[in-house]
Amino acid sequence: MHSSKIVFLQDESHIERHADALLSAPLLGLDTEFVRERTYWPIPGLLQIGNGETVWLLDPITLADSSLARNLVRDLLLQPGLTKILHSAGEDFEVLQRLGGALPRPLFDTQIAAALLGHPLQMRYETLAEELLGLEFPGGLGRNDWTRRPLPEPWIEYACNDVIGLPAMFDALTEGLERLERLDWLAQDCERAMARFGSEEPPVLRIKGAAALDDDSLERAARLAIWREARARERDLPRGFIAGDALLLELARRPATNIVEFSRTTPPHRIPGAALRAEMLDIVRADPTEFKRPSELVPLTPDQRARIKALQGWVRRRAEELRLEPAVLASRRDLTRLVQGAESDCLRGWRGQILAGIPL
126 MHSSKIVFLQ DESHIERHAD ALLSAPLLGL DTEFVRERTY WPIPGLLQIG
176 NGETVWLLDP ITLADSSLAR NLVRDLLLQP GLTKILHSAG EDFEVLQRLG
226 GALPRPLFDT QIAAALLGHP LQMRYETLAE ELLGLEFPGG LGRNDWTRRP
276 LPEPWIEYAC NDVIGLPAMF DALTEGLERL ERLDWLAQDC ERAMARFGSE
326 EPPVLRIKGA AALDDDSLER AARLAIWREA RARERDLPRG FIAGDALLLE
376 LARRPATNIV EFSRTTPPHR IPGAALRAEM LDIVRADPTE FKRPSELVPL
426 TPDQRARIKA LQGWVRRRAE ELRLEPAVLA SRRDLTRLVQ GAESDCLRGW
476 RGQILAGIPL
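According to our numbering, the sequence shown is numbered sequentially starting from 126.
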């Protein structure tokens, strides 16, 4: 690990001792470690906080019932004069909400900032640290059981490395964004990331293969998906533990009318318990509801595909002028929505100005 002081926050006396120093900082790097293999909600395992010299490791396991710890995290996230630096912050939003009941504002996402300077989209933290700072951080431990105690020394080193470089990255990226007058772009995109996190997409979009269903089958699949989402949240289980996509698709295509038919559903799937089977049968036997196929699941016509391809070429040329990856300006999904006559984020904010001449 690159040299830094490590402070463990494992009880309320630690929180009281370090809260003022944390809350008075102008900027802090944040990262989280969590476990989510057998639950719907992420189980926080560690919150890392760093200023470039010191790394504070807040233990959400030992502080699980501490209102003092929760209040500190909330205050850190909401402190207006404290910039929170995260890399690929969307992966941490849900954990931070569970720890502090808020999202980090103001936010500086180093992955977004790098993309606005022409770096590849979704650039890994380790790659960016090496490119910007010449620092080498080994990866590969993110999927460990972070609820384990005590944490092994290599895990602690890995966790600290995830925030050590963030303040220096902030300086380097800010300099580049200021030079190109794109700091406002970053502020808009960080707010957009948080807004997207707060907006839920229709659960049916989570069913792999749903686009191939006819309208009647898709309506049933949509009802089943809403039910599965509610049960998964309620029981704190992964969606697949409630009912797998393949089973939902099969029931949507060929709705069973009784338990015997349900049990004969082919090909074989993980069959839920009796209570869940009964609920699923009630759903597929119920009268259809008013339903509109989501635009993401509407098949494209040959003309629409051709228009999307033409728009991609136009966006690519515009991106080359700005030395950006085309998807930074507009993804294929953005362009598909435009061609279908739906609203798209790519025509809002700074992108709306850049793409003002797009030939729709």
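Quick reminder that beta carbons are idealized off the backbone N, C-alpha and C, glycines included.
Are the beta-carbon atoms of residue i and residue j separated by less than 8 Å?
i, j, result
"P167", "P185", "no"
"A335", "V329", "yes"
"L203", "I174", "no"
"L211", "V453", "no"
"P151", "G206", "yes"
"L349", "M405", "yes"
"L343", "L260", "no"
"A346", "L302", "no"
Rank the options by C-alpha distance to the C-alpha of residue i and give the top, closest one.
i, options, result
"L172", "T164, R163, T187", "T187"
"M294", "C471, P427, L253", "L253"
"C471", "R268, R317, D145", "R317"
"D200", "S213, T179, L211, A227", "A227"
"L232", "F366, L291, A455", "L291"
"E158", "E256, T164, I281", "I281"
"P424", "A357, W271, D340", "D340"
"G438", "A357, L485, P263", "L485"
"W352", "P380, S420, A481, L401", "L401"
"K130", "E141, W181, R142, Y165", "W181"
"L436", "R458, L447, F262, D190", "R458"
"Q478", "A455, D287, G466", "A455"
"L447", "A381, I332, P397, L305", "L305"
"R161", "G482, W271, G474, P277", "W271"
Could you have a look at residue i and say whether DSSP puts it in helix, strand or coil?
i, result
"L155", "strand"
"I131", "strand"
"V160", "strand"
"L460", "helix"
"D309", "helix"
"D234", "strand"
"S324", "coil"
Answer yes or no: the CB of residue i versus the heavy atoms of the ligand ATP, is any distance below 7 Å?
i, result
"P292", "Ligands displayed in this structure: none; no statement on the ligand ATP is therefore possible."
For residue i, does the count of other Cβ atoms within 10 angstroms reach 16, so buried, or fall short, so exposed?
i, result
"S469", "buried"
"N383", "exposed"
"G225", "buried"
"Q236", "buried"
"V385", "exposed"
Checklist line | Every unbroken beta strand (DSSP E) within the segment 162-229, with a cutoff of 3 residues, ordered by chain | finding: 168-175, 179-183, 208-211
Margin query: Ignoring anything shorter than 4 residues, give me the alpha helix (DSSP H) runs that lie fully in the segment 363-389, in order along the chain.
Written below: 364-367, 370-378, 384-388
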